[in-house]
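Below is one structure, written out as structure tokens, with a few remarks after it.
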Amino acid sequence: MFSKSFFASLLILALSSQVHAHALISPPLGVSGTPNESDVQFPSSSGPCGNVDIASNIDSSTAVPAAADGSFAVTVTNFNGGEDGSRQIVRMNIDASGVGKTFASGTMLVNGEVSPAGAGSQQLSAQLPAGTKCKGGKAENLCLASFVTAGSFGNCVVVSQRAAAALTGNYTIAAGKSLSTSGTATVSVMNLTAAAPTATASGGGYKRDMVLNDGDNAQKAAPSIRYCGFCHGWLSTFFFAH
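All letters in the sequence shown, in the order written, are residues -21 to -1, 1 to 221 by mature numbering (1 follows the signal peptide of the UniProt record, and there is no 0).
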């Protein structure tokens, strides 16, 4: 029969091999400066970011930018070789809320080496699920990406989406039309001119079309009216000014 000391030795050996079987994905959530072995996490269904407090770290952690197609780049670093130090990602999930509760499967575009000969780093490429809108953090544009390697190690990375575009400048809106944008763009209007409907002044055989233009903030400037003696009628001052 095997002695208790034999099983204890096996357990110690297994634990010691785990201690050195490390790999992490940079930039890791909750880590400032250069990450090391102690920053490696063990993501799970109950702790997708390991033991890192998401709420207190999502805004202060370095975020990687997502391109328009949802792709983004990260770096995986392994601290030992073999499958235990694998750089290959077997699970990459995205939480668009940034809370760490609801994840959806993302896509690995460029994966890492499953069994590297030694320690090292490798750049990876991943992609958010189609249609993802990151809503986490104070700016409401952050996602959480949870990575797990073939060696069961990993961590979370913060992914940022570009903030809504701002349109500034001079715009003219035709009468009866509205200014609209598509997607996530917002409008910051500096000088907005709205073309008002054509008005007609007539009297005593005179007739003239006038276009009233709105000024700042599209507020219509009401023309003044005065009496025209020779034409025996009331006319807008725009008639005389033009």
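Every residue, glycine too, gets a C-beta built ideally from N, C-alpha and C.
Throw me the rounded Cβ distance for the T56 and L3 pair, which I believe falls under 8 Å. 6 Å
Can you give the Cα-Cα distance for F51 and A45, rounded to whole angstroms? 5 Å
Three-state secondary structure (DSSP) at G133? strand
Cβ separation of V137 and S40, assumed to be a contact under 8 Å, to the nearest whole Å: 5 Å
Count the other CB atoms within 10 Å of the CB of N170; is the residue buried (16 or more) or exposed (fewer)? With a pLDDT of 48 at N170, under the threshold of 50, the predicted position of this residue should be treated as unreliable, and no value is reported.
Run the CB neighbour count on A105, radius 10 Å, all protein chains shown included, and call it buried at 16 or more, exposed below. With 16 or more other Cβ atoms within 10 Å, it is buried.
One question on the structure: do S71 and F132 come within less than 8 Å of each other, judged by their Cβ atoms? The sequence shown places Met at residue 71, not Ser. Their beta carbons are not under 8 Å apart, which means M71 does not touch F132 by this criterion.
Do L107 and G49 come within 8 Å of each other at the CB atom, strictly closer than that value? Yes, the pair counts as a contact, with Cβ atoms nearer than the cut-off.
Determine, using beta carbons only, whether I37 and G85 come nearer to each other than 8 Å. no
To the nearest angstrom, how far is the alpha carbon of Q12 from that of D18? Contrary to the premise, residue 12 reads as Gly rather than Gln in this sequence. G12 and D18: Cα-Cα distance of roughly 11 Å.
Buried versus exposed, by CB contacts within 10 Å (16 or more), S25: Residue environment analysis places S25 among the exposed positions, since fewer than 16 neighbouring C-beta atoms fall within 10 angstroms of its C-beta.
Does D74 come out as helix, strand or coil in the three-state DSSP assignment? strand
Name the residue from V89, Q140 and E16 whose alpha carbon lies nearest to the alpha carbon of V53. Taking only the C-alpha atoms, the option nearest V53 is V89.
Three-state secondary structure assigned by DSSP to G97: coil
Does the CB of G29 have a neighbour CB from chain C at under 8 Å? Among the chains of the structure shown, chain C does not appear; only one protein chain is present.
Which of the three DSSP states is assigned to S84 in this structure? strand
Counted within 10 angstroms of its Cβ, other Cβ atoms place S65 as buried (16 or more) or exposed: With 16 or more Cβ atoms within 10 Å of its Cβ, S65 is classed as buried.
DSSP-derived helix/strand/coil call for S11: coil
May I ask you to report which of helix, strand or coil DSSP gives S17? helix
Excluding sequence positions up to five away, which residues of its chain have a Cβ less than 7 Å from the Cβ of G130? A(-1), A2, E62, D63, G64 and S65
Contacting residues, own chain, Cβ-Cβ under 8 Å from A96 (five flanking each side not counted): G60
Beta-carbon proximity list for A83, same chain, < 6 Å, skipping 5 on both sides: I73 and P108
For A75, is the classification buried or exposed, using 16 other Cβ atoms within 10 angstroms of its Cβ as the cut-off for buried? buried
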